[in-house]
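*Asks:* Note that the sequence shown covers residues 3 to 265 in the working numbering.
Note that the Cβ used here is the ideal one computed from N, Cα and C, for glycine as well.
None of the values given here were measured: they were computed from a predicted structure.
Handing you a structure now.
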Amino acid sequence: MDPRITVREDGALLRITLDRPDRRNAMDAALVDALDAALDRAERSPDCRIVVLQGRDGIFCTGMDIAGAAQDTPADDEHTARRFFALMTRLATVPRIVVALVDGQTTGGGVGLAAACDLMFAAPRSSFGLPEGLWGLLPCCVLPFLIRRAGRQTAYTMSLTTLPLSAAEAERRGLVDAVDDDPETLLRRVAFRAGKVAPDVVGDLKTYLTRLRPMPPETEDIAVAELMRLTSSDRVRRNFDAFAADGTFPWQSSTAPTTRSSD
Numbered sequence: 003m004d005p006r007i008t009v010r011e012d013g014a015l016l017r018i019t020l021d022r023p024d025r026r027n028a029m030d031a032a033l034v035d036a037l038d039a040a041l042d043r044a045e046r047s048p049d050c051r052i053v054v055l056q057g058r059d060g061i062f063c064t065g066m067d068i069a070g071a072a073q074d075t076p077a078d079d080e081h082t083a084r085r086f087f088a089l090m091t092r093l094a095t096v097p098r099i100v101v102a103l104v105d106g107q108t109t110g111g112g113v114g115l116a117a118a119c120d121l122m123f124a125a126p127r128s129s130f131g132l133p134e135g136l137w138g139l140l141p142c143c144v145l146p147f148l149i150r151r152a153g154r155q156t157a158y159t160m161s162l163t164t165l166p167l168s169a170a171e172a173e174r175r176g177l178v179d180a181v182d183d184d185p186e187t188l189l190r191r192v193a194f195r196a197g198k199v200a201p202d203v204v205g206d207l208k209t210y211l212t213r214l215r216p217m218p219p220e221t222e223d224i225a226v227a228e229l230m231r232l233t234s235s236d237r238v239r240r241n242f243d244a245f246a247a248d249g250t251f252p253w254q255s256s257t258a259p260t261t262r263s264s265d
């Protein structure tokens, strides 16, 4: 198994833990492939009923690996974007109950990863943010899945303001299903009943709901094309290069836009 994740089977549960502490659980193509392989394992297991996706050390996932993206070619970027979109689609359709167990920071693509899951349980210290606008980007691949879960206005507000939501606010807006000091308690309640539900029933439910409210087939092409347009811009490449070189964020740069108070 890829060292970027750890996978542990425990009866009906298959638990996937993102394990890139040096990159704050940021996403790259290899991590996407590792998660896809873990879902293969879940589907091969005759006992698996629930897939649990979680982070560690106060971080769920911080989205795009900016430092890595600075070294990528446009073809690499497009490949990763399509693989990531396909992964979120698979999380939403795989014939298993998929639970995001969030305990800590969740930003960018991490929000999309969690939003694509069937259920999301969070600890009170968790936060959810879309900071892409600060980099000159948009959360292109995330938005279809965030809108599907929490609605257009929440997705729009998070993208427009770049301000993170607290766990309580995320629950109020329908992004999070429940908040608890011990999210494992919520997971155990689901696991107690889910072990009695056959995977094909879960798959049938997901397929039926997708037919009732389908995502247009061109959504992936639109999302990836817009992301490629933005990531190829000089401004975004400068932001990526500065971060890769010395960890400078766009808002720390001397060329970052400033606001002027009125007289």
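#1: DSSP three-state label for V178, please.
#2: In its own chain, which residues sit with a C-beta less than 8 Å from the C-beta of I7, not counting the 5 before and 5 after it?
#3: Over the uninterrupted alpha helix (DSSP H) stretch that includes R17, give me the two end residues.
#4: Is it the case that the Cβ atoms of P126 and D179 are separated by a distance below 8 Å?
#5: Does the distance from the C-beta atom of M160 to that of L136 stay below 8 Å?
#6: Please specify which runs of the beta strand (DSSP E), each continuous and at least 3 residues long, are wholly inside the region 41–112, giving them in chain order.
#7: Along the chain, where does the beta strand (DSSP E) that runs through G131 open and close?
#8: Output yes or no for whether 8 Å exceeds the beta carbon distance between T163 and F130.
#9: Measure the beta-carbon distance from A14 to I52 and round it to whole angstroms, keeping in mind my assumption that it falls under 8 Å.
#10: Give a single yes or no on whether S168 has its beta carbon closer than 7 Å to a heavy atom of the ligand ZN.
#11: At the level of alpha carbons, what is the spacing between T250 and D243?
#12: Could you tell me if R151 is buried or exposed, where buried requires 16 or more neighbouring beta carbons within 10 angstroms of its beta carbon?
#13: So is S128 buried or exposed if we call it buried at 16+ other beta carbons inside 10 Å?
#14: Who are I7's beta bridge partners in DSSP?
#15: Touch check for the region 64–72 and the region 110–118: three-plus C-beta pairs under 8 Å?
#16: Which residues bound the beta strand (DSSP E) around L165?
#17: Output the boundary residues of the alpha helix (DSSP H) element that contains L211.
#18: Per DSSP, which one or two residues make a beta bridge with A124?
#19: In angstroms with no decimal places, state the Cα-to-Cα distance between E171 and Y158.
#20: Report the rounded CA-to-CA distance for A69 versus A200, giving the unit in angstroms.
#21: Quick one: what's got a C-beta closer than 8 Å to H81's C-beta in the same chain, skipping five residues either side?
#22: On the CB-based measure, 16 or more other CB atoms within 10 Å of its CB, does Q254 come out buried or exposed?
*Replies:* In short, the structure shows the following:
#1: The residue you call residue 178 lines up with position 176 of the sequence shown. If DSSP states are grouped into helix, strand and coil, V178 belongs with coil.
#2: One-based indexing of the sequence shown puts residue 7 at position 5. Excluding positions up to five away in sequence, the list reads I18, T19, L20, D21, L33, A36, L37, A40.
#3: Translated into positions along the sequence shown, residue 17 becomes position 15. From DSSP, R17 is part of no alpha helix (DSSP H) but of the beta strand (DSSP E) over 15–20.
#4: Residue mapping note: residue 126 aligns to position 124 of the sequence shown, counting from 1. Residue mapping note: residue 179 aligns to position 177 of the sequence shown, counting from 1. No. Outside cutoff.
#5: Numbered from 1 along the sequence shown, position 158 holds the residue referred to as residue 160. Numbered from 1 along the sequence shown, position 134 holds the residue referred to as residue 136. For M160 and L136, no; Cβs fall outside 8 Å.
#6: 52–56, 61–63, 99–104, 107–109
#7: Numbered from its first residue, the sequence shown carries residue 131 at position 129. G131 -> beta strand (DSSP E) spans 129–131.
#8: Along the sequence shown, read from residue 1 onward, the residue named residue 163 stands at position 161. Along the sequence shown, read from residue 1 onward, the residue named residue 130 stands at position 128. Taking 8 Å as the Cβ cut-off, T163 and F130 do not qualify as a contacting pair.
#9: Here the question's residue 14 lines up with position 12 in the sequence shown. Here the question's residue 52 lines up with position 50 in the sequence shown. So it is a contact: roughly 6 Å between Cβ atoms.
#10: Of the ligands one can find in the structure shown there are none, so the ligand ZN has no counterpart to examine.
#11: Numbered from 1 along the sequence shown, position 248 holds the residue referred to as residue 250. Numbered from 1 along the sequence shown, position 241 holds the residue referred to as residue 243. Taking the straight line joining both Cα atoms gives about 9 Å.
#12: As a working note, residue 151 is residue 149 in the sequence shown. Its Cβ being crowded by 16 or more others within 10 Å, R151 is buried.
#13: Residue numbering aside, residue 128 sits at position 126 when the sequence shown is read from its first letter. That one is buried.
#14: By 1-based counting over the sequence shown, the position of residue 7 is 5. I7 pairs with L20.
#15: yes
#16: Sequence index remark: in the sequence shown, residue 165 carries index 163 (1-based). It is not in any beta strand (DSSP E) - L165 carries neither H nor E in the DSSP assignment.
#17: Translated into positions along the sequence shown, residue 211 becomes position 209. It spans 201–214 - the alpha helix (DSSP H) in which L211 sits, taken as one unbroken run.
#18: Position 122 of the sequence shown, counted from the start, is the residue given in the question as residue 124. DSSP lists V104, V181 as partners of A124.
#19: On the sequence shown, position 169 is the one that residue 171 refers to. On the sequence shown, position 156 is the one that residue 158 refers to. Near 15 Å, if we compare the C-alpha coordinates of Y158 and E171.
#20: Here residue 69 corresponds to residue number 67 of the sequence shown, with the count starting at 1. Here residue 200 corresponds to residue number 198 of the sequence shown, with the count starting at 1. If you take the alpha carbons of A69 and A200, they lie about 42 Å apart.
#21: To locate residue 81, count along the sequence shown from 1; it is residue 79. Excluding residues within five positions, the ones whose Cβ falls inside 8 Å are A31.
#22: Residue numbering aside, residue 254 sits at position 252 when the sequence shown is read from its first letter. Q254 is exposed by the Cβ-count criterion.
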